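*Asks:* Under this note's numbering, think of the first position of the sequence shown as 1, with each following residue one higher. A virtual CB, placed ideally from N, CA and C, is assigned to each residue, including glycine. On a predicted model such as this, the values are computed, not experimentally measured, just so you know. The structure that follows is given in the form of structure tokens.
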Amino acid sequence: MKEAVKKETANAKATKQETVKKETVKKEAVKKEAVKKDAVKKEAVKKETTKKSPVKKEAAKKAVSVTSTIQFELEGKIYSEEQLMNSVKDIWVYDYMRELSELKTIDLYVKPEESKAYYVINGDILGSFYI
């Protein structure tokens, strides 16, 4: 009978030790999961902050853009860059019988002492008109 009691107490101790071991393993697993969740949260926060910084840089670049106008005054008349460019486009369409879609570049030179504007269209067509 003493041997049976000793076996039962030994079995009880073994089961207690197993349950303690299982509980410690479970606690360690919970701790590891908590650490992983914290790491994921930190990574998410880092990703969010890195995504926000380029937006700030783009906003700063947009604030730098400047609009400008060019006007020429000749013999009491004022001509804008837009008016002169429209004149060259009209010459392209009506004089050269071309489509506006074919127009790639316009270089315009204003010579006030001659009251003329000289143009170069698409790098090879030269001409001038009085302003």
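Alpha carbon to alpha carbon, how far is Asn-122 from Thr-105?
*Replies:* As a working mapping, residue 122 is identified with position 122 in the sequence shown. As a working mapping, residue 105 is identified with position 105 in the sequence shown. Those two C-alpha atoms are separated by around 5 angstroms.
*Asks:* Leaving out five residues on either side along the sequence, give the residues of the same chain with a beta carbon under 6 angstroms from the beta carbon of Val-120.
*Replies:* Within the sequence shown, numbered from 1, the residue matching residue 120 stands at position 120. Within the same chain, Val-120 has close Cβ partners Asp-107, Leu-126.
*Asks:* Would you check if the distance between the CB atom of Lys-89 and the CB atom of Leu-100 is smaller than 8 angstroms?
*Replies:* Position 89 of the sequence shown, counted from the start, is the residue given in the question as residue 89. Position 100 of the sequence shown, counted from the start, is the residue given in the question as residue 100. Contact: yes.
*Asks:* Report the partner residues of Val-120 according to the DSSP bridge assignment.
*Replies:* Within the sequence shown, numbered from 1, the residue matching residue 120 stands at position 120. Answer is Asp-107, Leu-126, bridged to Val-120.
*Asks:* DSSP three-state call for Ser-80: helix, strand or coil?
*Replies:* Stepping through the sequence shown from its first residue, residue 80 is reached at position 80. Looking at Ser-80 - three-state DSSP - the assignment turns out to be strand.
*Asks:* From Ser-80 to Tyr-96, what distance separates their C-alpha atoms?
*Replies:* Counting from 1 along the sequence shown, the entry for residue 80 is found at position 80. Counting from 1 along the sequence shown, the entry for residue 96 is found at position 96. Between Ser-80 and Tyr-96, the C-alpha separation is close to 23 angstroms.
*Asks:* Measure the Cβ-Cβ separation of Lys-111 and Tyr-130 and say whether it is below 8 angstroms.
*Replies:* One-based indexing of the sequence shown puts residue 111 at position 111. One-based indexing of the sequence shown puts residue 130 at position 130. No, the pair does not count as a contact, with Cβ atoms beyond the cut-off.
*Asks:* What residue from Gln-83, Val-64, Gly-76 has the CA that sits closest to Ile-70's CA?
*Replies:* Within the sequence shown, the letter at position 70 stands for residue 70. Cα-wise, what sits closest to Ile-70 is Gln-83.
*Asks:* Nearest by alpha-carbon distance to Glu-140: which of Asp-124, Leu-103, Glu-102, Ser-128 is it?
*Replies:* Outside the displayed range of the chain (1 to 131) lies residue 140, so it cannot be described from this structure.
*Asks:* Can you find the residues in the same chain that come closer than 6 angstroms, C-beta to C-beta, to Phe-72, ignoring five residues on each side of it along the sequence?
*Replies:* On the sequence shown, position 72 is the one that residue 72 refers to. Excluding residues within five positions, the ones whose Cβ falls inside 6 angstroms are Tyr-79, Val-110.
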